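Engineer:
Numbering (the UniProt record's numbering), first residue to last: 1 to 826.
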């Protein structure tokens with residue numbers, strides 16, 4: 001890759017283009033990114049070739065392009081590295097695809113800004129236009145009262161609304177972030193209606209900010225439909241309201257004018273606020289990030305823009321502040337209202353802490369009698385949401401959902417709408433969503449695409465990603481530590497969107513049952529079949545599990561949410577011939593006894609089952625034969641007795657199972673030997689099962705196993721010697737298995753092993769070395785261990801040329817919190 005180091009600009013582009021085309025032919029993993037990069041390079045190559053010729057004709061040095069040429073060198077190395085990223089590694093795919101996007105954007109930016117600037121400079125050196133250009137700008141600057149001694153602006157910042165509540169702490173935190181961090185760009189991010197613009201206005205009017213930036217605060221609303229010329233024009237217009245704007249010849253010309261203008265202000269501090277920025281305008285932020293002293297850009301957006309991290313994520317109001325804000329909007333200041341406090345409290349709760357909702361609903365109720373308040377409450381309790389009764393709020397939030405229609409990947413919006421299937425204020429396991437999406441949507445690379453969709457929704461502030469456990473499993477595409485939280489009002493939004501269609505035509509049928517009160521349409525005779533692909537039923541702790549008949553022949557995913565001590569799988573599920581995914585989750589505080597589970601044995605194409613916080617006392621193998629089941633997950637379940645049965649024929653029940661997850665199942669004392677007979681298994685994850693003390697000696701029979709995770713099984717004493725027969729195993733995770741004191745002698749037979757996690761294995765840290773057979777692990781690339789434990793691998797480093805040993809420093813408290821984190825999760 002050394003070809004670019006001393007190359008000219010055009011040559012560098014040509015060589016990078018060759019590398020990109022070559023790698024694109026070798027791998028399908030980054031096909032869209034590489035295709036876009038090829039298009040960009042082919043588009044700019046003729047211009048760069050011409051610049052190279054002009055440099056030679058003018059006999060001018062090219063110092064201004066040296067840095068970019070070095071960037072091309074780094075880009076070539078990046079592209080070359082991408083050819084080594086395996087398709088199954090979602091995390092690395094996401095990281096490197098972002099890097100390819102940034103490389104693409106940097107080339108475009110260089111072309112749009114720097115190249116145009118070079119061309120302008122060369123032209124101005126040979127024509128008299130430089131004088132005319134300077135004369136025009138000087139005239140503008142005279143109107144703007146700009147002089148060599150400084151710059152004087154009159155205000156452009158909108159006023160702060162009256163009665164702002166709950167923003168004192170966010171203002172303090174944001175101000176500290178803006179002033180102490182050296183990065184130019186700072187982003188305030190939150191869903192629509194949370195008060196991002198209000199917080200930005202408060203910052204601009206803050207006494208300390210005013211003292212620093214004085215009159216050099218520029219506040220511009222970008223919006224979705226704006227363009228660069230209009231935005232720059234707004235900045236000029238707010239300084240020169242009665243004068244004609246410069247005649248911008250292009251977007252680049254407008255940016256050049258703005259840069260010249262801002263340079264006249266400097267070195268005085270400048271704060272540019274870009275309000276309501278949408279994803280398509282991320283390049284605008286780049287174009288306006290000028291290299292000026294004391295220059296800051298504050299962006300407000302309902303998107304997170306992680307490239308400009310750390311992003312300030314504005315939270316919704318707490319209960320006390322929400323009540324205060326609502327009362328200011330809904331109740332007279334003289335205290336004359338006779339509305340009962342409990343009715344006010346229920347109304348505030350329905351607004352979900354969103355400032356806009358509290359204000360809009362409060363204004364709509366101001367001065368109305370109690371009967372109006374109760375009528376609104378009744379509509380909400382009858383299944384209507386706040387969005388059904390307040391159009392202004394709906395319009396504000398709907399734009400975030402409508403914007404998903406413009407994404408090329410049509411599955412993004414569907415994935416977002418699926419989030420309404422889960423109860424509010426609950427964490428949703430990321431793997432549950434990914435399992436659903438893999439089966440519902442025709443994705444090219446299922447694991448990679450479903451994970452990317454999740455990241456995209458988080459970027460748009462439609463969900464929040466939460467890591468519930470501190471681990472190093474950022475590699476190996478392991479998402480079990482990630483959970484998703486959805487904002488309550490945004491959940492109402494997606495349900496509102498799903499419910500627009502008549503019952504029989506809905507793609508998602510989302511049902512909530514309080515006590516035993518079924519929806520009216522369900523209790524009546526349904527004349528036409530319901531064609532939904534996804535069915536979600538949520539019941540409370542008083543539900544009796546007495547089900548009414550229901551016919552849904554097209555359902556592919558069923559999500560059952562409940563919190564009762566006893567729960568019966570609905571009988572009508574056995575007629576769902578298209579069912580592929582079943583998710584059964586108990587959100588109560590104790591285990592729920594699950595009955596009728598044998599019904600799943602009648603489902604011909606069921607592929608994935610996830611059970612959480614339920615008790616399964618037996619598996620009736622005479623009724624269960626899940627021929628097409630590929631994955632089953634047990635989380636915080638009582639399954640020990642079901643797996644202890646000596647007559648349990650697991651290979652018959654799960655003949656084609658490829659993945660099993662058992663997480664936080666404390667009654668699991670030992671694994672049933674029948675698991676070792678399911679030779680189709682590729683992934684086995686048994687985590688945080690603190691009573692598991694031994695693995696079957698027959699583990700070696702799982703000849704197709706590729707991933708084995710046993711982390712935080714604190715009483716597990718050892719790995720069986722037969723593990724050496726797992727010749728396809730690539731990942732082994734025994735992190736925080738506190739009682740394991742050594743690796744088996746046969747570990748060296750794991751010839752395909754690439755990654756070993758052994759952090760927190762206290763018994764092994766006291767050893768002098770690992771078994772000598774590890775020198776035969778020729779594919780081993782990474783070992784993660786405790787600080788000071790890398791010495792275990794010193795004796796075999798000469799044999800393992802590609803091995804990288806990562807030591808993780810952690811104090812005792814952090815280690816304890818990492819091991820007991822499932823308790824916090826529950």
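From the three backbone atoms N, C-alpha and C, an ideal C-beta is built for every residue, glycine too. None of the values given here were measured: they were computed from a predicted structure.
Cutting at 7 Å between CB atoms, please list the residues of its own chain near residue 441, excluding the five before and the five after it.
Structural biologist: 411, 414
Engineer: So, under 8 Å CB-CB, residue 800 and residue 775 are touching, yes? Tell me the CB distance rounded to an integer number of Å.
Structural biologist: Yes, residue 800 and residue 775 are in contact; Cβ-Cβ is about 7 Å, under 8 Å.
Engineer: Could you round the C-beta distance between residue 627 and residue 655 to whole angstroms and report it? I think they count as a contact, below 8 Å.
Structural biologist: 6 Å
Engineer: Rounded to whole angstroms, what's the CA-CA distance from residue 306 to residue 459? Just pull it up for me.
Structural biologist: 8 Å
Engineer: Pull up the distance between the alpha-carbon of residue 289 and that of residue 406, whole angstroms please.
Structural biologist: 27 Å
Engineer: Output the residue ranges of the beta strand (DSSP E) runs that lie fully inside the region 715–745 and measure 3 residues or longer, sorted by chain position.
Structural biologist: Segments of the beta strand (DSSP E) lying fully in the region 715–745: 731–733.
Engineer: Any idea which residues DSSP pairs residue 592 with across the strands?
Structural biologist: Residue 592 pairs with 614.
Engineer: Counting only the same chain and skipping the five closest in sequence on each side, list residues whose C-beta sits under 8 Å from that of residue 727.
Structural biologist: 703, 749, 750, 751, 752
Engineer: Considering just the uninterrupted stretch of the alpha helix (DSSP H) at residue 360, what are its terminal residues?
Structural biologist: 355–365
Engineer: Since residue 424 sits in a beta bridge, which residues does DSSP pair it with?
Structural biologist: Residue 424 is not bridged to any residue.
Engineer: For a test of the three-state rule: what should DSSP assign to residue 179, helix, strand or coil?
Structural biologist: helix
Engineer: Would you identify the three-state DSSP class for residue 429, choosing helix, strand or coil?
Structural biologist: strand
Engineer: Between the Cα of residue 255 and the Cα atoms of 232, 754, 671, 578, which residue gives the shortest distance?
Structural biologist: Relative to residue 255, the option among 232, 754, 671, 578 whose CA is nearest is 232.
Engineer: When you compare the CB positions of residue 699 and residue 723, do they come within less than 7 Å of one another, or not?
Structural biologist: Closer than 7 Å, so yes.
Engineer: For residue 252 and residue 707, what's the separation of their Cα atoms in angstroms?
Structural biologist: 52 Å
Engineer: Taking DSSP's pairing of strands, which residues face residue 786 in a bridge?
Structural biologist: The bridge partners DSSP lists for residue 786 are 808.
Engineer: Suppose contacts are defined by Cβ-Cβ distances below 7 Å. Is residue 419 in contact with residue 466 by that definition?
Structural biologist: no
Engineer: Could you tell me whether the Cβ atoms of residue 506 and residue 532 are closer together than 7 Å?
Structural biologist: Cβ distance < 7 Å, so residue 506 and residue 532 count as in contact.
Engineer: Excluding sequence positions up to five away, which residues of its chain have a Cβ less than 7 Å from the Cβ of residue 543?
Structural biologist: 513, 515, 516, 562, 564
Engineer: Note down the Cα distance separating residue 96 from residue 786, rounded to an integer number of angstroms.
Structural biologist: Between residue 96 and residue 786, the alpha-carbon positions lie close to 28 Å from each other.
Engineer: What span of residues does the alpha helix (DSSP H) with residue 251 cover, start to end?
Structural biologist: Residue 251 -> alpha helix (DSSP H) spans 251–265.
Engineer: Return yes when the Cβ of residue 713 is within less than 7 Å of the Cβ of residue 689, no when it is not.
Structural biologist: yes
Engineer: How would you write the range of the beta strand (DSSP E) that residue 829 sits in, first residue to last?
Structural biologist: Because the chain spans 1 through 826 in this model, residue 829 falls outside it and cannot be assessed.
Engineer: With a threshold of 16 other CB atoms inside 10 Å of the CB of residue 483, please say whether the residue is buried or exposed.
Structural biologist: buried
Engineer: Look up residue 189 in the DSSP assignment and say whether it is helix, strand or coil.
Structural biologist: strand
Engineer: Tell me which residues share the same chain as residue 537 and place their Cβ nearer than 6 Å to its Cβ, disregarding the 5 neighbours each side in the sequence.
Structural biologist: 511, 560
Engineer: So, using beta-carbon positions, are residue 436 and residue 581 closer together than 7 Å?
Structural biologist: yes
Engineer: Compute the Euclidean distance between the alpha carbons of residue 729 and residue 524, then round it to the nearest angstrom.
Structural biologist: 55 Å
Engineer: Tell me the rounded alpha-carbon separation between residue 121 and residue 260.
Structural biologist: With a pLDDT of 49 at residue 121, under the threshold of 50, the modelled position of that residue is not reliable, and the figure given next carries that caveat. So the two alpha carbons sit approximately 14 Å from each other.
Engineer: Who are the near neighbours of residue 651 in its chain, counting only those whose CB is closer than 7 Å to its CB and skipping five residues on each side?
Structural biologist: 674, 677, 678
Engineer: Decide if the region 177–187 is in contact with the region 294–306; the criterion is three or more beta carbon pairs, one per stretch, under 8 Å apart.
Structural biologist: yes
Engineer: Below 7 Å between beta carbons: does that hold for residue 579 and residue 555?
Structural biologist: yes
Engineer: Identify, in the order they occur along the chain, each residue of the same chain with its Cβ nearer than 8 Å to the Cβ of residue 547, setting aside the five sequence neighbours on each side.
Structural biologist: 568, 570, 571, 572
Engineer: Based on DSSP bridge pairs, tell me the residues matched to residue 483.
Structural biologist: 429, 466
Engineer: Measuring only the C-alpha atoms, how far is residue 221 from residue 520?
Structural biologist: 46 Å
Engineer: According to DSSP, what are the bridge partners of residue 566?
Structural biologist: For residue 566, which the question treats as bridged, DSSP gives the partners 593.
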